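One structure is given here, and the rest of the page talks about it.
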Amino acid sequence: MNGEEKAYSAHVEYVLRLGDNALILGQRLSEWTGHAPVLEEELALANIALDLIGQSRLLLTHAGTLEGASRDEDQLAFLRGDHQFRNVTLVELPNGDFGRTVLRNFLVSAFTRELWQALGSSRDRQLAAIAEKSLKETRYHVKHSADWVVRLSDGTDESHLRMQSALDYLWPYTAELFTENPVDHEIAAVGLGVAWSALEPAWESTVRPVLMEATLAVPARTAFRSRGKLGLHSEYLGHLLTEMQYLQRTYPGAQW
Amino acid sequence: MLTEAQAWHVLQEIPDPELPAVSVCELGIVREVRAAEETVTVVVTPTYSGCPATQMIEAAIRTALQDAGCAAVSVETRLSPAWTTDWLTPEARAKLRAHGIAPPHAAGRESTQPLRFVPPAPRCPRCDAADTVRLSEFGATACKALYRCTQCREPFEYFKPI
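Here the protein sequences come in this chain order: A and B. Yeah, the first sequence ends on 306 if you go by my numbering, and it's all consecutive. Yeah, the second sequence ends on 189 if you go by my numbering, and it's all consecutive.
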């Protein structure tokens, strides 16, 4: 990578953000393979990771086509530096324990479900088709994670404590999903996509009842805003990319 | 050179790599076949975004049509309308059941279910008992869940509606 900063068009930026969210969360979930607490959840997390990586392949391929610089999904996934990734910081945070992992899945998938629903009517027909397909999978992810959030939070004293501390840790990062962003407004104005900030009421109406059923206390919003979607990431993304990109960086073009 | 009908006939013999009892046509993923000049074009709608079988199916389609004497094969992917388990043919449902896999309920209602709704349990594909319990929402592949029959006590897979 040369250090040159090249501005993406709003359309590319928007699609990259979707693809990067799916890719980075998929990579995080795949870290559970071989380590999940029970076999059933090992399968669940691995399958959800596969769905997300599948979605990111479609989205990154589409972003590459829109960019017109002949970069394919692999080049976008494996040969960009951390400042060129557009995922929200929430998805790059370390997994923590199983409880924090499923809680993040819930907070993120409840958001992407609204997003795919809205993008089904995008004027970008390829994006609309990817959204239509991803929506079906995301419904499963929301359901699976919501069940666990309730079961663990309303479980033993220990599991409740852990879930509350996971929520306290993750909640401030969810604000970034809804921060005002010039790219969003440009895209929404021409009917290519929805402004993420517009999805906050729908997201809250999914998330709050489940957290309430789970007996968790929702922290108050603070002024903290992470800025991953602007390319300003936490230190965790660099470590994640080091592992994910190692092979293509060391053996460029390797295939198997 | 193959005609469209001949090409369909070849495709009907290609098994799904994960569910060999069912052909790719019975799975409902082959949406269109066009034969023009020397090329046969097959339009495929993938099942799950993350399904590892998608690429194997594409390769199997190419090989089978070439073996049948087709000079050039083109496999196109069509994402919309998205694949749904409602496209499984009645033959596929019967074959799945015979294979010990409970076929999916109608998928249409998935979008309107409340979040914490527990879906109705499928009947046991072996003894047809209605009394079954879910062991795992995800099975050996993304498209299946794992259940157990409380009557014959056998575990079985359920093809999830999507």
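Using N, Cα and C, we set each Cβ at its ideal position, and we do this for glycine too. Since the model is a prediction, treat every value here as computed from it, not as a measurement.
Supposed close pair residue i, residue j - CB separation, criterion 8 angstroms
i	j	result
Gly114/A	Asp122/A	5 angstroms
Leu249/A	Leu153/A	Going by Cβ atoms, the distance from Leu249/A to Leu153/A rounds to 19 angstroms, so no, they are not a contact pair.
Val138/A	Glu226/A	5 angstroms
Asn231/A	Ser195/A	Not really, about 26 angstroms apart at Cβ, beyond 8 angstroms.
Pro152/B	Ala129/B	5 angstroms
Ala121/B	Val37/B	Incorrect: roughly 22 angstroms between the Cβ atoms, too far for contact.
Chain-ordered neighbours of residue i on chain B, where CB pairs are closer than 9 angstroms
i	result
Gln105/A	Ser76 and Gly77
Thr292/A	Correct list: empty, because the minimum Cβ distance to chain B is about 24 angstroms.
Thr206/A	The contacting residues do not exist; Thr206/A stays about 20 angstroms from chain B at best.
Thr256/A	Leu142
Val260/A	Leu142 and Arg143
C-alpha gap between residue i and residue j, whole angstroms
i	j	result
Trp82/A	His283/A	22 angstroms
Pro87/A	Val100/B	46 angstroms
Pro91/B	Val102/B	The question names Pro, yet the displayed sequence has Ala at residue 91/B. Each residue's alpha carbon lies about 12 angstroms from the other.
Leu110/A	Ile74/A	12 angstroms
Val60/B	Glu53/B	15 angstroms
Cys179/B	Leu287/A	50 angstroms
Tyr75/B	Glu187/A	7 angstroms
Ala267/A	Ala125/B	49 angstroms
Ser247/A	Glu236/A	13 angstroms
Val200/A	Gly281/A	33 angstroms
Ala62/B	Glu254/A	51 angstroms
Ala157/B	Pro73/B	31 angstroms
Thr206/A	Thr265/A	12 angstroms
Glu55/A	Ile98/A	Residue placement at Glu55/A is poorly supported in this model, since its pLDDT is 48, which falls under 50; the coordinates still yield a value, given next. Their Cα atoms are separated by approximately 33 angstroms.
Gly104/A	Ser184/A	9 angstroms
Asn52/A	Ala119/A	Model confidence at Asn52/A stands at a pLDDT of 41, short of 50, so the residue's coordinates are unreliable; what they give is reported in the following sentence. Whole-angstrom Cα-Cα distance: 15 angstroms.
Ser209/A	Ala119/B	43 angstroms
Tyr190/A	Ala252/A	18 angstroms
Ala80/B	Pro42/B	11 angstroms
Ala160/A	Pro47/B	35 angstroms
Glu181/B	Arg175/B	6 angstroms
Ala86/B	Thr104/B	13 angstroms
Lys279/A	Leu102/A	18 angstroms
Trp306/A	Ala98/B	27 angstroms
Phe228/A	Val244/A	11 angstroms
Leu290/A	Ala109/B	32 angstroms
Asn133/A	Arg143/B	In the sequence as presented, Asn is not what sits at residue 133/A; that position holds His. The straight-line gap from Cα to Cα measures roughly 38 angstroms.
Leu68/A	Glu293/A	21 angstroms
Val51/B	Thr30/B	19 angstroms
8 angstroms Cβ cut-off: residues of chain A touching residue i
i	result
Ser107/B	Arg175, Ala178, Ala179, Glu182 and Lys183
Gly166/B	Leu93
Per-residue contacts from residue i into chain A (C-beta, under 7 angstroms)
i	result
Glu40/B	The premise fails here: Glu40/B is roughly 27 angstroms from chain A at the closest Cβ pair, so nothing lies under 7 angstroms.
Beta-carbon neighbours of residue i, restricted to chain A and to distances below 9 angstroms
i	result
Leu194/B	The question about residue 194/B has no answer, for chain B in this structure spans 28 to 189.
Gly55/B	Per Cβ cutoff of 9 angstroms: no residues; Gly55/B is ~14 angstroms from chain A at best.
Ile189/B	Lys186, Glu187, Arg189 and Tyr190
Proximity of residue i and residue j at Cβ, strictly below 8 angstroms
i	j	result
Leu123/B	Val49/B	yes
Ser242/A	Asp174/A	According to the sequence provided, residue 242/A is Leu. The question's Ser does not apply to it. Their beta carbons are under 8 angstroms apart, which means Leu242/A touches Asp174/A by this criterion.
Thr112/B	Ile189/B	yes
Pro274/A	Pro222/A	Looking at the sequence shown, residue 274/A is not Pro but Phe. The answer is yes: Cβ separation under 8 angstroms.
Gln295/A	Phe135/A	no
Phe183/B	Gly127/B	yes
Asp70/A	Gln298/A	no
Ala32/B	Val67/B	no
Met213/A	Leu202/A	yes
Val192/A	Arg163/A	yes
Arg89/B	Val70/B	no
Ala148/B	Leu100/A	no
Pro44/B	Ile84/B	yes
Val158/A	His112/A	no
Ala72/A	Ser106/A	yes
Leu126/A	Val62/A	no
Ala167/B	Lys187/B	no
Chain-ordered neighbours of residue i on chain B, where CB pairs are closer than 7 angstroms
i	result
Val141/A	What Val141/A touches in chain B: nothing, since even the nearest Cβ is about 17 angstroms away.
Lys193/A	Leu142
Asp19/A	Nothing can be reported for residue 19/A, as the shown portion of chain A is limited to 51 through 306.
Leu108/A	Ser76
Ala196/A	Leu142 and Arg143
Contact list for residue i against chain B, beta-carbon separation under 8 angstroms
i	result
Leu97/A	In the sequence on display, residue 97/A carries Asn and not Leu. Going along chain B in sequence order, the residues near Asn97/A (Cβ under 8 angstroms) are Gly77, Phe165, Thr168 and Ala169.
The segment 89-102 of chain A contacting the segment 164-178 of chain A, beta-carbon criterion three pairs below 8 angstroms: no
Say whether the segment 140-147 of chain A touches the segment 72-91 of chain A, bearing in mind that this needs 3 or more beta-carbon pairs closer than 8 angstroms, one atom from each stretch. yes
Under 8 angstroms: do the segment 175-189 of chain A and the segment 253-271 of chain A share three or more Cβ pairs, one atom per stretch? no
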